[in-house]
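Chemist: For the sequence shown, full-length UniProt numbering gives the first residue as 1, with consecutive numbering after it.
Glycine residues also receive a C-beta, built at the ideal position from the N, C-alpha and C atoms.
The structure presented is a predicted model; accordingly, all values stated were derived computationally and were not measured.
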Amino acid sequence: MGKSAATGRDWTQIYAIYGLDQWQTVLFLLFHAILFTVLSVLYLAYFKPIVHLFESLLAVAAVPGGAARFAAGFTGSVTAISAICLFFAAANFFYSSLPLHYDMAHRMVNSVSDWSTVKQALDLGCGRGILLNAVATQLKKGGSSGRVVGLDRSNRTTLSTLRTAKMEGVGEYVTCREGDPRRLPFGDNYFDVVVSGVFVHTVGKEHGPRTVAASAERMRAVGELVRVLKPGGVGVVWDLLHVPEYVRRLQELKMEDVRVSERVTAFMVNSHIVSFRKPSQHVVGPNEVRLDWRC
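1) Which value, in whole angstroms, describes the spacing of the CA atoms of E178 and S215?
2) Would you mind working out which of D257, W23, V222, V258 sits nearest L124, comparing C-alpha positions?
3) Check whether the Cβ atoms of V274 and V226 lie closer than 8 angstroms to each other.
4) Specify the secondary structure class of H272 as computed by DSSP and reduced to three states.
5) Looking at the secondary structure, which residues open and close the alpha helix (DSSP H) in which F191 lies?
6) With burial defined as no fewer than 16 other Cβ atoms inside 10 Å of the residue's Cβ, what is the status of E168: buried or exposed?
7) Quick check on this structure: which residue in D257, V170, H52, Q24 has the alpha carbon closest to the alpha carbon of S144?
8) Who are the Cβ neighbours of V228 in its own chain at under 6 angstroms, not counting the five residues just before and after it?
9) Taking the C-alpha atoms as reference points, what is the distance between M255 and K140?
10) Would you call V135 buried or exposed, if buried means 16 or more other Cβ atoms sit within 10 Å of its Cβ?
11) Taking the beta strand (DSSP E) that T158 falls in, what are its first and last residues?
12) In this structure, how does DSSP classify W11 when only helix, strand and coil are distinguished?
13) For the candidate residues P231, S280, L122, whose alpha-carbon lies nearest to that of D152?
14) Could you pull out every residue in the same chain whose Cβ sits closer than 6 angstroms to the Cβ of C295, ignoring the five residues on either side in sequence?
15) If the criterion is Cβ atoms closer than 8 angstroms, does the pair V247 and V260 meet it?
16) Would the beta-carbon of T161 fall within 8 angstroms of that of L132?
17) Are the CB atoms of F31 and A72 within a distance shorter than 8 angstroms?
18) Would you mind stating whether V269 and L241 have Cβ atoms separated by less than 8 angstroms?
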C-alpha cells in the first residue's frame, strides 16, 4: 500500500490501528458490483440467446423485431455501467473511511495556527479516534501539557478509542467519555479548541436528514460546540451535506473568521471544512452584550 500524504506513514500501519469504518457498506457495494459484473459477462457470452428471449417476449406485444436486439443491448449496457458505478462507490467509501479521513484530520489540525497555548481540546464525535489522536499527537509534538477529550454517544466506542490512543503513543494526552452532542457535559467557555470530523450530520438522523426537526437538532449541537469554546478559541468542523446550515448558524452567533474549504468528495457526497473563532467579546451597538449560545 502507499503512504499518507499528511504524515508519510504507511497505510498498513494506519489500517492496523484504526481498521475500516463503514466496512459493511463497502462489502455490500462490492458484492453487488461483482454480481453485476458477472451478469455483464453472461450477457456478452449469451447475447444471441438473450436476444431470442427478448424477441419471444416482444412478439406477444407485436413489437418490431429490431427492438428486441436494442432492448437486450441496452439492458446489458446498463448492467455493465452499474457494475462500474458500484465499484467506484465501494472504492470511494473505502478511501473516505480511512485514507481521506486520516489526511483530513491532519489538515484540520493544521487549521489551528498556535497549539502552544492549548490546554483543553474537544473532539466531538471521536469515533475510532483518527482526529482525536491527530490532536493529541500535535500536543505531544509541541511538548504541551494540554489534554484532548473525545466525546462519543457509545461507551463501547470510547473504550475502543482509548486503545487506539495507546497504540499511537498518545494515551496520556487523551481522555474519552460518553455524552449527548446536543447537551454537552461541560461548562461554558471550557475548551481552547473544538474539532469534529464527519459527525454533526448524524445528529438528529432519527428524524430523517431533510426534516426541520433534524436540522434543529444539528443546530443545537453547533450551539453547544460554540458554548463550550472559550472566547478567542478556535472551532474546526469537517462534515457532509449540511455545511451551509452550520455557516449560517455560526454567523448568527457572531463567530469571527468563518472560513469554508473547497469541496472534497467523501462518502459519495460533498464535504467541507468549516473553521471559525469565538470572539473575545460581543458588541451590539454601543454596549457589550452577552449572547446565549444555547439553542
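Modeler: This is what the structure gives:
1) 23 angstroms
2) V222
3) no
4) strand
5) Looking at the DSSP string, F191 is not in any alpha helix (DSSP H); the run it does join, the beta strand (DSSP E), is 191-197.
6) buried
7) V170
8) L184, F186, Y190, F191
9) 29 angstroms
10) buried
11) Here T158 belongs to no beta strand (DSSP E); instead the alpha helix (DSSP H) covers 155-167.
12) helix
13) L122
14) Note on C295: pLDDT 45, under 50, position unreliable in the model; no value is reported.
15) yes
16) yes
17) no
18) yes
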